[in-house]
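Before any comments, here is the structure.
Protein chains in written order, with the numbering used here: chain A, 739 to 904; chain B, 5 to 147.
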């Protein structure tokens, strides 16, 4: 009996060893490679709240011109084009236009026609795409990305008339 | 003597039975392999995202953009921007609400980029997207 047990143990051990060798052999033959892949995202920078001063010229219930001054907004400078949309959301009256910035701090005026009311709600978008960038982002796979300014400011008022700052 | 012969016969029969049982047991396995490899970008350059012309779109309403430009912002001597030639790219503009995807441009990095500072390509045009909604941008190259 002891010999039989010994024989069985030997056979079992041999079987396990053979199977293990096969698995190791299979694993050893596996090679892996990877295509290059870079993925990264960056924040599109905007200016801080209150960094745009907004003036308007109005009469007879109409705003005929808005003047935008970038008091502390580093994203746009002299000669950059400014885009703006002023929307009276109470009466659905909207105006838009572009103007080139000039002077220091950079400022410009846009002619438009929008309903004026000191008690209406308004939204204002001030956009620019100057050659000024934000903070660089890096990914684990090595790609680095930085974005230029795009939206300088977007702001709204609620039943207080056109914005004076944005 | 009879005992020895009997024991031997019993042993042979038992072993044969076990062997037969083992032989009839079919065990198979799917192939399995595991390995690791490093995933790296085609370039370690710093890329700059700038935006195409803004156009007023009354249906939005607002100023919209339809393209994005990717520019190499690494000096020529250390640039390997050309290693990305011919690779697929995705550029996604993201909005503020939960980093939602606003619009995506896909294509192939063109063959005419160079390792010079300022070498760039403009993405394929995507649907006009309100510029005021864009708060982030994501770029994937390769894969």
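Cβ coordinates follow ideal geometry from the N, Cα and C atoms, glycine included.
Open item on the list: Given this structure, state the Cα-to-Cα distance separating residue 905 of chain A from residue 816 of chain A, to the nearest angstrom.
Closed with: Residue 905 of chain A lies beyond the residue range present for chain A, which begins at 739 and ends at 904; the question has no answer from this structure.
Task: Members of the region 112–144 of chain B near chain A, C-beta cut-off 7 Å - done: Per Cβ criterion, the list reads 135, 136, 138, 139, 140, 141, 142, 143 and 144.
Open item on the list: Mapping the DSSP letters down to three states, classify residue 96 of chain B as helix, strand or coil.
Closed with: Translated into positions along the second chain, residue 96 of chain B becomes position 92. Collapsing the DSSP output to three states places residue 96 of chain B in a strand.
- [ ] Tell me, please, whether the CB atom of residue 76 of chain B is closer than 8 Å to any CB atom in chain A?
- [x] Counting from one through the second chain, the residue named residue 76 of chain B turns up at place 72. No, residue 76 of chain B does not count as interfacial toward chain A.
Task: C-alpha gap between residue 822 of chain A and residue 886 of chain A, whole angstroms - done: Taking the first residue of the first chain as position 1, residue 822 of chain A is located at position 84. Taking the first residue of the first chain as position 1, residue 886 of chain A is located at position 148. Just so you know, the alpha carbons of residue 822 of chain A and residue 886 of chain A end up roughly 18 Å apart.
Task: Of the residues A:791, A:819 and A:900, the one placed nearest residue 857 of chain A, counting alpha carbons only - done: The sequence position of residue 857 of chain A within the first chain is 119, counting from 1. Just measuring C-alpha positions, the residue of A:791, A:819 and A:900 sitting nearest residue 857 of chain A is A:900.
- [ ] Could you tell me whether the Cβ of residue 110 of chain B comes closer than 8 Å to any Cβ of chain A?
- [x] By 1-based counting over the second chain, the position of residue 110 of chain B is 106. Among the residues facing chain A, residue 110 of chain B is not included, as its CB has no counterpart in that chain under 8 Å away.
Task: Through-space distance from residue 859 of chain A to residue 894 of chain A, alpha-carbon basis - done: Stepping through the first chain from its first residue, residue 894 of chain A is reached at position 156. Stepping through the first chain from its first residue, residue 859 of chain A is reached at position 121. Looking at the backbone, the Cα of residue 894 of chain A and that of residue 859 of chain A are separated by about 7 Å.
- [ ] Could you please tell me which residues of the region 768–789 of chain A, in chain order, have their CB closer than 8 Å to any CB of chain B?
- [x] Here the close residues are 768, 769, 770, 771, 772, 773, 774, 775, 776, 777, 778, 779, 780, 781, 782 and 784.
Task: Limits of the beta strand (DSSP E) - the one that residue 790 of chain A falls within - done: Taking the first chain and counting its residues from 1, one reaches residue 790 of chain A at position 52. Run containing residue 790 of chain A: 790–797, per the beta strand (DSSP E) assignment.
Open item on the list: Excluding the 5 residues flanking residue 108 of chain B on each side, which residues of the same chain have their C-beta closer than 8 Å to its C-beta?
Closed with: Taking the second chain and counting its residues from 1, one reaches residue 108 of chain B at position 104. Answer for residue 108 of chain B: 94, 95, 96, 97 and 130, listed in chain order.
Task: Helix, strand or coil at residue 859 of chain A [DSSP, three-state] - done: The residue you call residue 859 of chain A lines up with position 121 of the first chain. Three-state result, residue 859 of chain A: coil.
TODO: Return the CA-CA distance between residue 838 of chain A and residue 846 of chain A, expressed in angstroms with no decimal places.
DONE: Against the first chain, residue 838 of chain A aligns to sequence position 100. Against the first chain, residue 846 of chain A aligns to sequence position 108. Cα to Cα, the separation comes out at about 6 Å.
Open item on the list: Could you compute how far the alpha carbon of residue 802 of chain A sits from the alpha carbon of residue 117 of chain B?
Closed with: Within the first chain, the letter at position 64 stands for residue 802 of chain A. Within the second chain, the letter at position 113 stands for residue 117 of chain B. Each residue's alpha carbon lies about 47 Å from the other.
TODO: Would you kindly report the start and end of the unbroken beta strand (DSSP E) that includes residue 785 of chain A?
DONE: Residue numbering aside, residue 785 of chain A sits at position 47 when the first chain is read from its first letter. First-last for residue 785 of chain A: undefined, no H or E at that position.
- [ ] State the start and end residues of the unbroken beta strand (DSSP E) segment that holds residue 830 of chain A.
- [x] Translated into the one-based positions of the first chain, residue 830 of chain A becomes position 92. Annotation: residue 830 of chain A is outside any beta strand (DSSP E) and is labelled neither H nor E by DSSP.
Task: chain B contact for residue 764 of chain A (CB, 8 Å cutoff) - done: As a first step, residue 764 of chain A is located in the first chain; it is residue number 26 there, counting from the start. Summary for residue 764 of chain A: the model assigns pLDDT 47, below 50, so the residue's position carries little reliability; its value from the coordinates is reported in the next sentence. Look at residue 764 of chain A: its C-beta is under 8 Å from a C-beta on chain B.
Task: Same chain only: Cβ atoms within 8 Å of residue 73 of chain B, ignoring 5 sequence neighbours per side - done: Here residue 73 of chain B refers to the residue found at position 69 when the second chain is read from its first residue. Taken in chain order, the residues that qualify are 53, 54, 55, 56, 124, 125, 126 and 127.
Open item on the list: Quick check on residue 760 of chain A: buried or exposed, where buried means 16 or more other Cβ atoms within 10 Å of its Cβ?
Closed with: Locating residue 760 of chain A in the first chain gives position 22, counting from the first residue. Any reading at residue 760 of chain A must be qualified, since the residue scores a pLDDT of 44, below 50, and its modelled position is unreliable; no value is offered.
TODO: Could you tell me which of A:843, A:862 and A:870 sits nearest to residue 852 of chain A, measuring between CA atoms?
DONE: The count along the first chain starts at 1 and reaches residue 852 of chain A at position 114. The shortest Cα separation from residue 852 of chain A among A:843, A:862 and A:870 belongs to A:862.
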